[in-house]
Amino acid sequence: NEAYVSNVISPLYYLLDDYRIEVAGMPQWNKFRNIDLEYFHKLKMSYFTSFYVDYDKPEMKDFIRKFREIYYTEPYRVSPRGYNLSVYGYDLLSAFVTAIGEYGGHIIYFAGELESNPILGPYEFERINDFGGHVNAYISIIKYSPDLNIRQVELERRPQRFWYRRYYRRYRDD
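Counted the way my numbering counts, the sequence shown spans residues 7 to 180.
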């Protein structure tokens with residue numbers, strides 16, 4: 007709720023002269039329009055997200071250029087979760103078409119090993135359970151800084167588990 011967040015952020019901003027305060031927020035906060043962005047920057051707000059659009063990334067610039075050439079418009083549509091739907095679709099299609107070409111019908115056993123260079127990613131797929139699919143477990147931290155920059159904080163990569171690989175290798179060797 008934007009009104010609630012505003013009621014919390016504003017007083018914190020005015021306490022900065024007396025206290026050292028940093029705020030951890032939610033991904034939806036970056037879409038709020040009635041909160042002065044200076045508050046987020048001065049409070050060094052950070053939030054987590056699975057998707058981050060870095061407009062300085064060469065791949066993003068290339069995607070925007072190609073999108074404009076083909077559709078004569080900007081790829082501006084943003085989902086409620088904060089990612090651009092056209093970029094997200096492009097990323098998923100690129101990743102999975104390549105993976106299906108490599109692994110075929112056995113892609114489910116190798117979803118954790120998909121290698122692509124996504125614009126919004128990276129994607130780190132983890133299996134939910136023995137009978138479920140996969141989820142993107144990648145999380146990045148986005149941090150606002152007092153110098154009015156927004157940057158992505160690099161996190162250490164977590165170890166991956168490939169307990170189901172043996173089945174696929176045995177199956178392929180037959």
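All residues carry an ideal CB built from backbone N, CA and C; glycine is no exception.
Rounded straight-line distance, which links the Cα of Phe46 to that of Asp153: Answer to the nearest angstrom: the Cα atoms are 11 Å apart.
Enclosing alpha helix (DSSP H) for Phe102 [first to last residue]: Start and end: 91-109.
Nearest candidate by alpha-carbon position, reference Asp136, set Pro33, Tyr115, Pro81: Ranking Pro33, Tyr115, Pro81 by CA distance to the CA of Asp136 puts Tyr115 first.
Three-way DSSP call (helix, strand, coil) for Ser52 in this model: Three-state result, Ser52: strand.
Separation of Tyr129 from Thr79, as counted between CA atoms: Cα-Cα distance, rounded: 27 Å.
Runs of alpha helix (DSSP H) wholly within the stretch 15-53 (minimum 4 residues, chain order): Correct list: 43-48.
Segment limits, beta strand (DSSP E) that includes Lys149: Per DSSP, Lys149 belongs to the beta strand (DSSP E) from 146-150.
Through-space distance from Glu65 to Arg39, alpha-carbon basis: Spanning the two alpha carbons is a distance of roughly 28 Å.
Rounded separation between Tyr94 and Leu18 - CA only: Going by the C-alpha atoms only, they are around 35 Å apart.
Sequence-distant residues of the same chain with beta carbon closer than 7 Å to Ala182, five excluded per side: Because the chain is modelled from 7 through 180, residue 182 falls outside the range shown and cannot be assessed.
Alpha carbon of Gln158 to alpha carbon of Glu75, nearest angstrom: Rounded to the nearest angstrom, the two C-alpha atoms are 29 Å apart.
DSSP state of Ile134 mapped onto helix, strand, coil: Coil at Ile134, not helix or strand.
Among Val59, Asp24, Ala9, Tyr20, nearest to Arg35 - alpha-carbon criterion: Sequence check: residue 35 is Trp here, not Arg. Comparing Cα positions, the closest option is Ala9.
Backbone secondary structure at Ile70 - three-state DSSP: Residue state, collapsed to three classes: helix.
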